[in-house]
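Okay, so here's the structure we're looking at.
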Amino acid sequence: FYVSGNLTIYYSPRQRKSEEFRGPDFFVVLATERSITVQAVDDDIVEGDHTSTISYEITSTGDEAKYPDTLEIPASEITITDNDADDVGQVLISEISGLTEGGEAQEYTIALDTEPAGPVEIKIMADDESEISLDGETFSTEVMVTLEDTTPTTITVMAVDDNFLEGDHNTTISYEITSTGDEVKYPDTLNIPSTEISITDNESVTTTPEIIISENPILFEGGTGIYTVALTKTPTGEVEITIKADDQTEISLDGTTFASEQVLTFNEAKLQTITVRGLDDQEVEGDHESTISHEITKSEDTVNYPLGDVGLVTASIFDNDIPIVTITASDLEAAEKDQDPGSITITRSGDTTEELTVSYMTFGSTATADDYSETLNGSVTIAAGESSVELKITPEIDSLIEEGDETVNLVLNTSEDYNLVGKTFAQITIADDISSVPDNSTRFVWRNPLTGDNILWKIDATQQVNTVTLPTETDLNFEIQGTGDFDGDGENDDVFWLNNVTGAIQYWQGQGEEIKEMVLDAGEVNLLEWELTEFADFNGDLKDDILAYKPDTGEVAILTIDGETLVNQGILERDGQALLITQDTGWQIEGSGNFSGGDKHQILWRNQNTGEVGIWEIDGNELVDAASVTRDDEPVLAPSSTGWQIEGVADFSNDGQEQILWYNSESGQIATWQMSNKALVKGEILTQDGQPLAILPSDGWSIQGVADIDNDGQYDIVWNNNNTIAFWQLNGSALRDALVIDQPPEAGFNPSLI
711 FYVSGNLTIY YSPRQRKSEE FRGPDFFVVL ATERSITVQA VDDDIVEGDH TSTISYEITS
771 TGDEAKYPDT LEIPASEITI TDNDADDVGQ VLISEISGLT EGGEAQEYTI ALDTEPAGPV
831 EIKIMADDES EISLDGETFS TEVMVTLEDT TPTTITVMAV DDNFLEGDHN TTISYEITST
891 GDEVKYPDTL NIPSTEISIT DNESVTTTPE IIISENPILF EGGTGIYTVA LTKTPTGEVE
951 ITIKADDQTE ISLDGTTFAS EQVLTFNEAK LQTITVRGLD DQEVEGDHES TISHEITKSE
1011 DTVNYPLGDV GLVTASIFDN DIPIVTITAS DLEAAEKDQD PGSITITRSG DTTEELTVSY
1071 MTFGSTATAD DYSETLNGSV TIAAGESSVE LKITPEIDSL IEEGDETVNL VLNTSEDYNL
1131 VGKTFAQITI ADDISSVPDN STRFVWRNPL TGDNILWKID ATQQVNTVTL PTETDLNFEI
1191 QGTGDFDGDG ENDDVFWLNN VTGAIQYWQG QGEEIKEMVL DAGEVNLLEW ELTEFADFNG
1251 DLKDDILAYK PDTGEVAILT IDGETLVNQG ILERDGQALL ITQDTGWQIE GSGNFSGGDK
1311 HQILWRNQNT GEVGIWEIDG NELVDAASVT RDDEPVLAPS STGWQIEGVA DFSNDGQEQI
1371 LWYNSESGQI ATWQMSNKAL VKGEILTQDG QPLAILPSDG WSIQGVADID NDGQYDIVWN
1431 NNNTIAFWQL NGSALRDALV IDQPPEAGFN PSLI
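711 is the number of the first residue of the sequence shown in this note's numbering; add one for each residue after it.
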């Protein structure tokens, strides 16, 4: 006898003193019926009502036929009432429905029957057959619940779908009090009965009432596959199943020794694996099948496992005497830039004496036929004597279309002329020439006017400086006039140069960390007569234009770059008359901005005498609208005599509206104007911790420009103090952080923010 639980066992009530046995093991020789007296152990532990299990095993027998030592004897379950639990509460577990592998989860509740003096923590543990959850979404084998009153807590249970043929079975969920705020009612020794839940197995495919045979195997000639056989119930005696294969396969019980017939022996409901090998017959016959039969030919448990056929297995066999075709993306990355191609390789094995045509389809591709130069007509031929063919996918360039990365998918079709193995599709990704991850670094070009040397600074969002050496411009008469996006690639990385002696012009076309030097034909434009005041997109073609002003006449013109030629689009006019803004009027161009929310920039003017701020909206070379910035329908005046000057235009608050940045050279204060079209919504002085900020000119600092240094959508102010660069990171009109980059190039270099 084996005892599980706290019990004392006596051989006979009449012989308690002379033959008393205590402990987990107890042996008795039975010739006639014997009485066993069982006594619960009084352990002084508050544990609640619980059970004890007594099991039995024949260790020696004089009758192998009737009472073999393998005979199973049902165990005895005995309920024990705890005498230490008069005031103990109960943990109430509700009933729960059975589970199915792969099926829906079920719920039950756990609660205390009386209110505890303090919180009671219970650890709930599932075995390997199930998982539990408190929220119905995240499942694990262990959860903790805290019960503070009698309110039930819901537990969700899901059966583990284990892909094992095991028949219907149970899962056990057990409980343990790990912490208690009420030692009297809910001590940590309290026994909480486990929850038993039935689970329906979902793995059977072909079954008899007592035998489970798994899914049909798939294999190649000369190759192997497997399937399994299991009994759903342990037999009372030995059961033999004879397995026979036809002339297409052989079978093995150990994966090594193969024959056309094998015998499986079952003494228990244990899963057994059968290995099937396809016969390599050197005949082209196409894919075919093999039938494998199963018959109980010997049974010592004819009630559950009678003699007779128990099912067939049909093995699918691929003929290895026809070519095997595979497909791979041998170069899976293509790019519109430089028309960098990708490639897909289709390979065949076996005989190559004749050509082989492989068919395919383009399925699920995001790219269209217009995005690459090849014609994918649905088939490709592998030439005689060749084992593979390569398909090139060469992208077409469409630099003005921002479409993101695209894919080309080729999926092989099945055919009687070949077999497909492994992946049947390949994918090529075409990278858009407008980068899906743009280079948003803040850039400076440092130029030495004495040597012509040039250096590029690229400052990323983490404020790391990457230094790149640029081409030397040996003609020292060339000076940087401004920067912009002149080629429409979405990057503000092109630099415009002017020779202030000859009037020659060129621009550097930025290409990542490389520079392409472009010499421009000025045509009829003599830039020595013009001031180049602003670089922005005034016509909505996604390329920056040049706003030019002629001081002698007051003419204003828009210049564009067309290929390698500078083109004058004409003097700005209104109603067919040239607009002449001479210097004596007091008006000066201060910059540009997108104040209307459209796709074009407007020209920002300021009258130094009256303080008016004006905005010009143009279409081509025609002035469409000219208006002063107003507030409450009255012009806002900021004459130069007040010390205020415009330093830039940018979106400092990431609200989609551009603001005007002001600096007062007398007080050192900095301010922004929040605009809505041509109206001033509000003007604010920049502050830090609620206090106004001021940087006097005598401090040596001057505003270099604006840039979004940390790529948060809010532009920042760039300062320069004798080539020490600093950034004010803004949140609207508040200074959030300040950063100083005190590592300029060697002496003699001057920076231009691009």
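By construction, the Cβ of each residue, glycine as well, lies at the ideal position given by its N, Cα and C atoms.
Computed from a predicted model, the values in this text were never measured in an experiment.
Of the residues assessed, T881 falls on the buried side of the cut-off, its CB having 16 or more other CB atoms within 10 angstroms.
As computed with DSSP, T1057 is found in a beta bridge with T1036 and S1098. Sequence-distant Cβ neighbours of N1431 in its own chain, meaning closer than 7 Å and more than five residues away, are G1410 and W1411. Take the alpha-carbon of D1251 and the one of S1408: they are about 43 Å apart.
When the five nearest sequence neighbours on each side are left out, the beta carbons in the same chain lying within less than 7 Å of the beta carbon of K1102 are those of P1051, S1053 and E1084, in order along the chain.
Taking C-alpha positions only, E1100 is separated from E995 by approximately 29 Å.
In this structure, DSSP gives K1047 a helical state, which the three-state scheme calls helix. Residue burial is scored here from C-beta neighbours: A1360 has at least 16 other C-beta atoms within 10 angstroms and is therefore classed as buried.
Each residue's CA atom was taken as its position, placing G1366 and K1253 some 20 Å apart. Here DSSP, grouped into helix, strand and coil, assigns E950 to strand. In terms of Cβ geometry, I1140 and A1039 do not form a close pair [threshold 9 Å]. Between T866 and D845, the C-beta spacing is below 9 Å. Rounded to the nearest angstrom, the gap between the Cα atoms of D1204 and K1226 is 9 Å. Taken through DSSP and simplified to helix, strand or coil, A1079 comes out as helix. Annotation note: the region 853 to 917 contains the following uninterrupted beta strand (DSSP E) runs of length 3 or greater, listed N- to C-terminal: 863 to 869, 879 to 890 and 905 to 910. Beta-bridge partners assigned by DSSP to V1428: G1415 and F1437. For P1407, the three-state secondary structure derived from DSSP is helix. In the DSSP annotation of this structure, the continuous segment of the beta strand (DSSP E) that includes I1027 starts and ends at G1018 to F1028. Your pair G1301 and E1244 checks out as a contact, with CB atoms roughly 6 Å apart and the cut at 8 Å.
As computed with DSSP, L1269 is found in a beta bridge with I1256 and N1278. Between the region 1226 to 1240 and the region 1268 to 1281, the count of C-beta pairs closer than 8 Å reaches three or more; the two stretches touch.
The beta carbon of T1179 sits closer than 7 Å to the beta carbons of I1165 from its chain, once the five residues preceding and following it are set aside; these are given in chain order.
A contact between stretches requires three or more CB pairs, one per stretch, nearer than 8 Å, and the region 931 to 947 meets this requirement with the region 1018 to 1037.
A direct Cα-Cα distance of roughly 49 Å separates T771 from S1000. By the criterion of a C-beta distance shorter than 6 Å, T856 is surrounded in its chain by P829 and E831, once the five residues flanking it on both sides are discounted. Annotation for T1124: L1130 place their beta carbon closer than 7 Å to its own, counting only its chain and skipping 5 residues before and after. When rounded, the separation of the alpha-carbon atoms in D1185 and L1276 is 21 Å.
Rounded to the nearest whole angstrom, the C-alpha separation of D753 and S962 is 57 Å. Separation of the CB atoms of L1257 and I1299 is rounded to 7 Å, and the pair is thereby assigned contact status at 8 Å. Exclusion of the five residues before and after T975 leaves E948 and E950 as the residues of its chain whose Cβ lies within less than 7 Å of its Cβ. Burial of D911 is indicated by the presence of at least 16 other C-beta atoms within 10 angstroms of its C-beta.
The beta carbon of G1303 sits closer than 7 Å to the beta carbons of H1311, Q1312, L1314, V1359 and E1368 from its chain, once the five residues preceding and following it are set aside; these are given in chain order. Per DSSP, Q1293 is not a residue of any beta strand (DSSP E), being assigned neither H nor E.
The beta carbon of T761 is closer than 7 Å to those of G715, E787, I788, T789 and I790 in its chain, skipping five residues each way along the sequence. Listed in chain order, the non-local C-beta contacts of Q1216 below 7 Å within the same chain comprise W1207, E1227, M1228, V1229 and L1230, local neighbours out to five positions each way being set aside. By the C-beta density criterion, E1376 is exposed, having fewer than 16 other C-beta atoms within 10 angstroms.
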